[in-house]
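In the numbering used here, the protein residues as written are 52 to 366.
All residues carry an ideal CB built from backbone N, CA and C; glycine is no exception.
Treat the numbers as computed from the prediction; the structure is a model and nothing was measured.
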């Protein structure tokens with residue numbers, strides 16, 4: 052199954068941006084309709100949105116706009132999940148999730164999750180759009196974790212195990228000539244392994260030192276597998292480690308400017324109303340040192356790459 056290749060360009064960037072904007076807008080629209088009209092109204096609106104997105108994806112595919120088709124297909128998968136969930140809620144079959152996401156065996160919720168996995172797989176088979184691999188892998192993680200765990204530490208263990216298994220699958224895809232699909236498998240593997248580790252290690256200083264060590268292992272793994280996604284996730288982890296120690300050393304607070312907490316830009320402010328005796332400049336210095344660490348690691352990796360290239364030419 053040949054994948055749709057998406058070379059980086061102005062057009063591809065704008066297409067991705069447009070597709071993601073549509074996806075977010077669809078979710079916002081359906082959220083508003085759910086609040087205003089309840090389950091019955093959401094069934095109608097989400098069904099209409101799903102049909103329109105499928106039609107747009109099909110028309111784009113027929114006209115040869117494969118990237119646009121894939122982006123519409125991704126939104127269609129989300130639209131289907133919302134529509135099917137609204138239908139189950141309308142029938143009174145969808146259980147409440149106020150107690151937490153992974154809480155016991157809830158049959159119809161598992162049916163919804165499995166249906167979303169199947170929808171993502173069908174879309175991937177039809178449109179061959181690599182980003183749909185992310186949807187398949189992420190939805191599969193959610194379904195499997197909900198199926199075999201009930202939240203807390205056990206869910207984190209299952210998440211790490213899923214990430215390790217997915218890493219093995221990703222390596223197999225890489226060696227089998229499907230690296231374009233393998234990329235998103237590596238992304239989800241890194242997210243799940245890292246997320247599980249953060250669940251267990253996010254308290255004291257020693258925990259964050261372990262996270263820093265794991266981040267360095269991510270960089271080494273990414274270099275070994277030639278996958279930059281591991282380095283990106285490692286950098287994010289090192290930023291979190293730096294944030295922890297900067298807050299302790301400098302007594303500062305941080306404000307997240309980006310939604311969903313995936314990334315942040317630090318805003319320094321004193322804790323409390325009175326001037327602090329701690330050195331707030333230490334926080335800025337900590338991030339400057341982290342930047343220096345990033346540069347040193349980058350230079351070491353570049354040197355290894357040059358040495359490997361030279362050795363290959365000699366051979």
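Practice task
Measuring alpha carbon to alpha carbon, tell me which of 230, 266, 223 ends up nearest residue 242.
Solution key: 266
Problem - Segments of 4+ residues assigned as alpha helix (DSSP H) that fall wholly inside the segment 178-208 - result: 182-199
Problem - Helix, strand or coil at residue 308 according to DSSP, with G and I counted as helix - result: With a pLDDT of only 38 at residue 308, under 50, the local geometry of the prediction cannot be trusted, and the value read off the model is given with reservation. Coil.
Handout entry: Cut-off 8 angstroms between Cβ atoms - residues of its own chain near residue 355, not counting five sequence neighbours on either side
Key = 274
Problem - Buried or exposed (CB count within 10 angstroms, at least 16 for buried), residue 346 - result: exposed
Handout entry: Buried or exposed (CB count within 10 angstroms, at least 16 for buried), residue 233
Key = buried
Practice task
Pull up the CB-CB distance for residue 270 and residue 285, whole angstroms please, since I reckon it's below 8 angstroms.
Solution key: 5 angstroms
Exercise for the section: Compare the Cα-Cα distances from residue 94 to each of 116, 67, 137, 113 and report the closest residue. Expected result: 137
Problem - Residues of its chain near residue 238, where Cβ-Cβ distance is below 7 angstroms and the 5 sequence neighbours each way are ignored - result: 185, 280
Handout entry: Start and end residues, alpha helix (DSSP H) containing residue 251
Key = 230-251
Problem - Residue burial classification, residue 210 (beta-carbon count within 10 angstroms, cutoff 16) - result: buried
Handout entry: Candidates 181, 217, 177, 229, of which the one nearest residue 195 by Cα
Key = 217
Handout entry: Neighbourhood of residue 133 by C-beta distance below 6 angstroms, restricted to the same chain and skipping five residues each side
Key = 81, 97
Exercise for the section: Express the C-alpha separation of residue 153 and residue 203 in angstroms, rounding to a whole number. Expected result: 8 angstroms
Exercise for the section: Find the nearest neighbour of residue 177 within the set 141, 207, 66, 122, judged by alpha-carbon distance. Expected result: 122
Practice task
Please report how far the alpha carbon of residue 69 lies from the alpha carbon of residue 147, in whole angstroms.
Solution key: 33 angstroms
Exercise for the section: Please state if the CB of residue 182 and the CB of residue 236 are separated by a distance shorter than 8 angstroms. Expected result: no
Exercise for the section: Going by CA-CA distance only, name the one from 160, 272, 128 that's closest to residue 140. Expected result: 160
Problem - Separation of residue 101 from residue 62, as counted between CA atoms - result: 26 angstroms
Practice task
Give the secondary structure of residue 152 by DSSP, where H, G and I count as helix, E and B as strand, and everything else as coil.
Solution key: coil
Exercise for the section: Tell me whether residue 113 is buried or exposed, calling it buried when 16 or more other Cβ atoms sit within 10 Å of its Cβ. Expected result: exposed
Practice task
Could you have a look at residue 80 and say whether DSSP puts it in helix, strand or coil?
Solution key: helix
Practice task
Please report the residue range of the alpha helix (DSSP H) in which residue 128 lies.
Solution key: 117-142
Problem - Local Cβ density within 10 Å of residue 86, reported as buried at 16 or more and exposed below that - result: exposed
Exercise for the section: To the nearest angstrom, report how far apart residue 315 and residue 174 are at their CA atoms. Expected result: Residue confidence for residue 315 is low, a pLDDT of 43 falling below 50, so the modelled location carries little weight and cannot support an answer.
Exercise for the section: Just mark residue 179 as buried or exposed, buried being the case when its beta carbon has 16 or more other beta carbons within 10 Å. Expected result: buried
Exercise for the section: Tell me whether the beta-carbon of residue 54 lies closer than 8 angstroms to the beta-carbon of residue 172. Expected result: no
Problem - Beta carbon of residue 120 nearer than 8 angstroms to that of residue 108 - result: yes
Exercise for the section: Could you check if residue 168 is buried or exposed, using at least 16 other CB atoms within 10 Å of its CB as the buried criterion? Expected result: buried
Practice task
Under 8 angstroms by Cβ, that's how I've got residue 127 and residue 105 pegged, so tell me the actual separation to the nearest angstrom.
Solution key: 5 angstroms
Problem - Cβ distance (whole Å) where residue 287 is taken to contact residue 333 below 8 angstroms - result: Contact doesn't hold; Cβ gap of about 22 angstroms is too wide.
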